[in-house]
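Written below as structure tokens is the structure these notes are about.
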Amino acid sequence: MRDVAIIGVGCTNFRGRHPDKTYFELAYEAAKAAFADAGIDKADVEAAVYGIYNDFFQRQYQPDAFVHDYLGLPPIPAVRVNTGGATGGSALRIGYAEVASGLYDIVLVLGVEKCADCYDYNTKNPVPEVLRAILYTSDMTYDNPIGRTAASGFALAVIAHMEKFGTPTAEQMAKVSVKNHGNALKNPRAQSGMKITVEDVLKSPKIVDPFKRLDNCLYTEGAAAVVLASRRKVADMHPKKPPIWITGLGAALDWAHPGNRESIAEFHGCRVATQKSYEMAGITDPLAQFDVAELHDAFTGTEIMSYEDCLFCEPGDGGRLIDDGTVWPGGKLPVNLSGGLIGCGHAVGATGLMQTSEVVWQLRNEAGARQAPNARRGLVQSIGGTLCAWTVSVVLERVD
Amino acid sequence: MADKKLSKKDAFYRAHAARLRLPEEKLRPLYDDELDGKKGPNEPFEVPDKMDVFFKYSYGGQSRFFREILHNERLMGSKCPKCGKVYCPPRSACPLCYEATEWVELPGTGKIEAFTIQHYSTSAFVTKVPFLVAYVRLDGSDFLMMTNIEMDDVGKAHHGMPVKVVYRQEKSGAMTDIYFEPLNV
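Shown next, in the form of structure tokens:
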């Protein structure tokens, strides 16, 4: 396999709604920024991978073909990837494989999502209809008819984890919300930067036990793009900005009917994907070897479970890392300096690539007010599907 | 030619209400500013729309599961003749052994493995909150089934609580034909 670098990134603002832009116009904004950041022309791109999750959100099946047209990339090949919340990470994985295999030297990986054109005319609010659109991606025969939501799936896992380990506590989960909303204050692209307290989170309305409103990630519209290049291309180009190398990558798809798993109290697939990426990158002590991590905080409780699944600590001990400051800015391994899905937002297909962009900026020392000092190696975790069916784990490094 | 007498606004709302099968009052007055010409030439132009597809859906090899519920109020699982594992929801083949399964009747009782209270849900369910969604470990099955638990006081649900299947009187051949309630009511 050939070495693969990220040579350019671009990300739109993450907002609750971009009424002035369609999904393909958002994609254009991210692609243009990524090409400029990489110092390439669109004519240099040899293939594209599009991460787009929900066709209902876009009000368009096969939206990737229209993105490709709008970006002016025909007739180069392109493929669309959809793995729920992990769509962005999965798109990165496919782009990586296309470059590592030697098939192409420069690949555009672009994620986009535009959810809030969905609208519930009965409550005069987009959110219930966004949820209904999401539930078309749950099992239509057995799960969809019973009124569950993505949140209740993850809630069941967090509750099972609590039954098994006694954690995370409501206060520990609230601290994750305080941290991520606070981090988002320093990210101009973030949808929901807020200075809040643990009390604010605990007093926010219940959504799905044990999650309150401020424990949840956001419904977000946005796009993010990454330009991948082979080592040969990087050597030819002499890029102005330091290339960021993908040194580890692992992925898994767990049982989509979580009732068939051995346990719903841990995300086994997530652990498998993480271990694969760590073996590839030579990570044996993640807390010491990573300088930043962007984890898929769909919910506060699942961010804490991710500390465990990413092997930052023993199973059941994740709550300690939010209590003792480890994952806060200035801590040993700051998690979600972008604000994460809770503070920056969850524009599903774009999310994994927003997280990737954030780690790239951190490793290039371009993250402004939220910059972690001397960041050289970072982790991106992208998860999706019912109770974390899909996981993609990516290790990124700056090697000067 | 009756349409010609309608105002621009009435024609717009009537056309969309018919197409979306929504009462006109659900759409009014969300688009009045547009129809009254109050929007600038470059402001976003929004219109009502929906996507739908009708089905005559086949449950395939899982058909008997729904047929037994509809006609006989029996809960069926599927058993692998090789490893002996019993699935509910059923599967016509065992994913572990790649063997065809056999139908077995389940007692319809079980215990709550994990549950959550939905205080908010999709537009199809948002008026029904709060309600319970749970993984139930069914007696006679080796796996968990996601289902609704119906009880007067949702706050009394607990881990390990014994539950039993209930068949709705009015059935539609869907998973909602059954739900669970506490065993001791």
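So the sequence lines, in the order shown, correspond to chains A and B. Heads up: the first sequence begins at 1 in this note's numbering, then just goes up one per residue. Heads up: the second sequence begins at 1001 in this note's numbering, then just goes up one per residue. Here a beta-carbon is modelled for each residue, glycine too, at the ideal position from N, C-alpha and C.
Should the region 1088-1106 of chain B be called in touch with the region 168-180 of chain A, which here means at least 3 C-beta pairs below 8 angstroms? Contact between the region 1088-1106 of chain B and the region 168-180 of chain A is absent, because fewer than three Cβ pairs lie under 8 angstroms.
Quick one, which residues of the region 1121-1155 of chain B are near chain A if we go by CB-CB under 7 angstroms, in chain order? Interface annotation for the region 1121-1155 of chain B against chain A: S1121, T1122, S1123, A1124, F1125, V1126, K1128, F1131, V1133, Y1135, F1143, L1144, M1145, M1146, T1147 and N1148, criterion Cβ-Cβ distance under 7 angstroms.
Reduced DSSP category for A/V4 - H, G, I as helix; E, B as strand; rest coil: Reduced to three states, the DSSP call for A/V4 is strand.
Using the beta-carbon count (16 or more within 10 Å), is B/V1047 buried or exposed? Classification of B/V1047: exposed, given that the 10 Å Cβ count is below 16.
Do we get a CB-CB distance below 7 angstroms when we pair B/K1026 with the residues of chain A? With 7 angstroms as the cut-off, B/K1026 counts as an interface residue toward chain A.
Residues that B/D1032 contacts on chain A, provided the C-beta gap is smaller than 7 angstroms: Those do not exist, as B/D1032 stays about 14 angstroms from chain A at its closest Cβ, beyond 7 angstroms.
I'd like to check one pair, B/D1177 with B/I1069: are the Cβ atoms closer than 7 angstroms? Yes, the pair counts as a contact, with Cβ atoms nearer than the cut-off.
Sufficient close CB pairs (3 or more, under 8 angstroms) joining the region 1168-1182 of chain B to the region 1143-1152 of chain B: Three or more beta-carbon pairs separated by less than 8 angstroms link the region 1168-1182 of chain B to the region 1143-1152 of chain B, which places the two stretches in contact.
Which residues does DSSP list as the beta-bridge partners of A/V67? DSSP, once it has assigned bridges, lists no residue as partnering A/V67.
Between the region 128-159 of chain A and chain B, which residues of the former have a C-beta closer than 7 angstroms to a C-beta of the latter? Result list: P128, E129, L131, R132, L135, T141, Y142, D143, P145, I146, G147, R148, T149, S152, A155, L156 and I159.
Could you check whether A/A350 and A/G222 sit closer than 7 angstroms to each other, using their CB atoms as the reference points? Taking C-beta atoms as the reference points, A/G222 and A/A350 count as a pair closer than 7 angstroms.
Answer yes or no: do A/L363 and A/G378 have a C-beta to C-beta separation smaller than 7 angstroms? Yes.
Anticipated Cβ contact below 8 angstroms, A/P210 with A/A235, distance rounded: That belief does not hold up - the Cβ atoms of A/P210 and A/A235 are roughly 52 angstroms apart, past 8 angstroms.
Where do the N-terminal and C-terminal ends of the alpha helix (DSSP H) with A/T300 fall, by residue? Start and end: T300 to D309.
If A/V227 sits next to A/A375, beta carbons under 8 angstroms apart, how far is it from one beta carbon to the other, in whole angstroms? Their Cβ separation, rounded to whole angstroms, is 20 angstroms, which puts A/V227 and A/A375 out of contact at 8 angstroms.
Please state whether the Cβ-Cβ distance between B/V1163 and B/G1110 is less than 7 angstroms. It is a contact, given that the beta carbons lie within the stated cut-off.
Three-state secondary structure (DSSP) of A/E366: Looking at A/E366 - three-state DSSP - the assignment turns out to be coil, as it is neither helix nor strand.
Using a Cβ cut-off of 7 angstroms (strictly closer), state whether A/Y121 contacts chain B. Answer yes: the Cβ-Cβ gap between A/Y121 and chain B drops below 7 angstroms somewhere.
For A/C408, three-class secondary structure by DSSP: In the structure as shown, chain A begins at 1 and stops at 400. Residue 408 of chain A is therefore absent and cannot be evaluated.
Cα-Cα separation between B/D1049 and A/D317, rounded to whole angstroms: The alpha-carbon of B/D1049 is positioned some 48 angstroms away from that of A/D317.
Report back the beta-carbon spacing between A/V4 and A/I246 to the nearest angstrom; my notes put them in contact at under 8 angstroms. Indeed they touch by this definition, with Cβ atoms about 5 angstroms apart.
For A/E29, which residues of its own chain have a beta-carbon under 7 angstroms away from its beta-carbon, when the five flanking residues on both sides are left out? Residues of the same chain with a CB within less than 7 angstroms of the CB of A/E29, apart from the 5 flanking positions on each side, are T12 and A223 in chain order.
Do the region 1014-1029 of chain B and the region 286-297 of chain A touch if we need at least three Cβ pairs shorter than 8 angstroms? Judged by Cβ distances under 8 angstroms, the region 1014-1029 of chain B makes no contact with the region 286-297 of chain A, as fewer than three pairs qualify.
Where DSSP assigns a beta bridge to B/K1118, which residues make up the other side? As written in the sequence, residue 1118 of chain B is Gln, which differs from the Lys given in the question. According to DSSP, B/Q1118 bridges with A/V208 and B/F1131.
Would B/A1093 count as contacting chain A if we go by Cβ distances under 7 angstroms? Taking CB atoms only, B/A1093 has no neighbour in chain A less than 7 angstroms away.
With a Cβ-Cβ cutoff of 7 angstroms, do B/E1105 and B/R1137 count as a contact? No, the pair does not count as a contact, with Cβ atoms beyond the cut-off.
A/G250 and A/S393 look like a contact to me (Cβ under 8 angstroms); what is the Cβ gap, rounded to whole Å? Right, the Cβ-Cβ distance comes to about 5 angstroms (below 8 angstroms), so this counts as a contact.
Say whether chain B places a C-beta atom closer than 7 angstroms to the C-beta of A/D215. It does not: the Cβ of A/D215 has no partner Cβ on chain B nearer than 7 angstroms.
Delimiting residues of the beta strand (DSSP E) encompassing A/L432: Past the edges of chain A, shown from 1 to 400, lies residue 432 of chain A, and the structure says nothing about it.
Residues within the region 255-273 of chain A neighbouring chain E, beta-carbon criterion of under 9 angstroms: The displayed structure is made up of protein chains A and B, and chain E is not among them.
Which bits of chain A does B/T1176 rub up against, with CB to CB less than 8 angstroms? The contacting residues are P145 and I146.
Can you give me the C-alpha to C-alpha distance between B/M1161 and A/A78, rounded to a whole angstrom? Those two C-alpha atoms are separated by around 51 angstroms.
Exposure label - A/A151; buried when at least 16 CB within 10 Å: Buried, since its Cβ has 16 or more Cβ neighbours within 10 Å.
Between the region 102-114 of chain A and the region 14-31 of chain A, can you find at least three pairs of beta-carbon atoms closer than 8 angstroms? When C-beta atoms of the region 14-31 of chain A are compared with those of the region 102-114 of chain A, three or more pairs fall below 8 angstroms, so the two segments count as touching.
Please identify, using Cβ separations under 9 angstroms, the residues of the region 1099-1118 of chain B that lie next to chain A, in order along the chain. Of all residues in the region 1099-1118 of chain B, those with a C-beta nearer than 9 angstroms to a C-beta of chain A are E1113, A1114, F1115, T1116, I1117 and Q1118, reading in chain order.
Could you check whether the Cβ of A/V208 sits closer than 7 angstroms to any Cβ belonging to chain B? Interface residue, yes.
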